[in-house]
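Visitor: Here you go, one structure.
There are 2 protein chains.
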Amino acid sequence: MGENIESCSCNIIHEDVVRRVRKKIPREETLIDLAELFKIFGDSTRIKIICALFVSEMCVCDIAALLKMNQSAISHQLRILKQARLVKFRKEGKVVYYSLDDNHVQQIFDCGLAHINHK
Amino acid sequence: MGENIESCSCNIIHEDVVRRVRKKIPREETLIDLAELFKIFGDSTRIKIICALFVSEMCVCDIAALLKMNQSAISHQLRILKQARLVKFRKEGKVVYYSLDDNHVQQIFDCGLAHINHK
DNA sequence: TTAACATATGAACACATATTCATATATAAA
DNA sequence: TTTATATATGAATATGTGTTCATATGTTAA
Chain S
1 MGENIESCSC NIIHEDVVRR VRKKIPREET LIDLAELFKI FGDSTRIKII
51 CALFVSEMCV CDIAALLKMN QSAISHQLRI LKQARLVKFR KEGKVVYYSL
101 DDNHVQQIFD CGLAHINHK
Chain D
1 MGENIESCSC NIIHEDVVRR VRKKIPREET LIDLAELFKI FGDSTRIKII
51 CALFVSEMCV CDIAALLKMN QSAISHQLRI LKQARLVKFR KEGKVVYYSL
101 DDNHVQQIFD CGLAHINHK
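Each protein sequence line maps, in turn, to chains S and D. If you're matching positions, the first sequence starts at 1 in the working numbering and goes up one per residue. If you're matching positions, the second sequence starts at 1 in the working numbering and goes up one per residue.
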C-alpha cells in the first residue's frame, strides 16, 4: 500500500481520503492546461484587452491608446492571446484588427466578475 | 479632444472606437481585481489543491501526499488561497483541515474546464 | 524608389513568484 | 518536562514573465 505516497516529509493521516481524492480528480495534464488558461486571464493588461474586445474589434494601435501603453507591449500580449486561441485577427492594409475567438471567453470572464462583485 | 490619448507611439486610427470602448468597460480597479483572482487559479499546484477540495476537506499533510510535494510548499499555497478567501480551515488538535470557502470557485473552475474540454 | 506608418519580434531588464530549506509555533503523547 | 508531530513562515534561490528598446517586416502613399 501507499506506493505513491512517500515523497512528503510528513506521515499520512488519512490515507483513505487521499486515495479517494486521487481517483476522483481529473488527470494531471488537464489540470495543468486549466492552470495555463487561467494564467492568461491572470494579467491585468490581458484582461483589459479581452474586456475591450467584448465591446468592439480593435486594431493594435487603438488598444495601445485605450490602455495608455506602448504598441510593443500590446503586440506581445496579443501574441499570447493569439497562441491561446482566445483572439483572432484580420488584416486590412497595414492595420490588424483583433477580436475574440472563443465563446467561452465571455463566460469565464463573467464567472470571475460575479465573484468579484459578490464580495 | 483626445486628452487621454497621447501616451502611445502611434497615431489614433479609430478615436471613436476608443472612446466608445472606454465608456463601456468596467473601471480599472475591477479589472485588476479580476486579474488577481484568475492569477490565483493560474498555478497548477493551486488548481490541484482547489480541485482536491471539491472532493473532500483535507489536511495539509494529505494534500502534500496527494500532490507528492513537500509540506512547506503546500502551506505556502494554502496561505495564498486563504488570503483570497477561496479556502477556509478548521483546527482539530494539531491537524488543520482545509475546505473551499466560496461557491463561485466551482463555477469558475467548471467554466475553465468546459473551455479545455471543448477544444 | 523612397518615406511614412502599423505591427511584430528578439534581447535586455526588472520584477514577481513557486519551491526549498531551516526553523518557529502549537499541540499531543510519553 | 521532554519528545514527536502537524503546520506555518522567513530567507534564499531559481525560474517565469511583463515591459521597454531597438529594429525588422510589410503595406501604403508620395
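Ideal Cβ placement from N, Cα and C applies to all residues, glycine included. Quick caveat, the model's predicted, so the values are computed rather than measured.
Check whether the segment 19-26 of chain D touches the segment 15-25 of chain S, counting contact only when three or more Cβ pairs, one atom from each stretch, lie closer than 8 Å.
Guide: no
Visitor: State yes or no: is the C-beta of D/L100 within less than 8 Å of the C-beta of D/L53?
Guide: yes
Visitor: For D/H104, which of helix, strand or coil comes out of DSSP?
Guide: helix
Visitor: Given this structure, state the Cα-to-Cα distance separating S/A35 from D/S44, to the nearest angstrom.
Guide: 5 Å
Visitor: By the criterion of Cβ-Cβ separation under 7 Å, what are the contact partners of S/G93 in chain D?
Guide: Simply none; closest approach about 11 Å.
Visitor: Taking C-alpha atoms, which residue in S/V87, S/C59, S/K48, S/I108 lies nearest to S/G93?
Guide: S/C59
Visitor: Could you please give me the residues that DSSP links to D/F38 through a beta bridge?
Guide: Answer is none; D/F38 lacks a bridge partner.
Visitor: Please report the distance separating the alpha-carbon of D/N11 from that of S/S72.
Guide: 14 Å
Visitor: Rounded to the nearest angstrom, what separates D/K48 and S/Y97 at their Cα positions?
Guide: 37 Å
Visitor: For S/D33 versus D/I116, is the C-beta distance shorter than 8 Å?
Guide: yes
Visitor: Distance, Cα to Cα, S/T30 vs D/R46?
Guide: When rounded, the distance between both Cα atoms is 14 Å.
Visitor: Hey, could you find the ends of the alpha helix (DSSP H) D/R79 is sitting in?
Guide: 71-83
Visitor: Using a Cβ-Cβ cut-off of less than 9 Å, list which residues of the segment 34-53 of chain D approach chain S; keep chain order.
Guide: L34, A35, E36, L37, F38, K39, I40, F41, G42, D43, S44, T45, R46, I47, K48, C51, A52, L53
Visitor: Taking C-alpha atoms, which residue in S/R85, S/R27, S/G112, S/V95 lies nearest to D/A84?
Guide: S/G112
Visitor: Shorter than 8 Å from the beta carbon of S/I116 to some beta carbon of chain D?
Guide: yes
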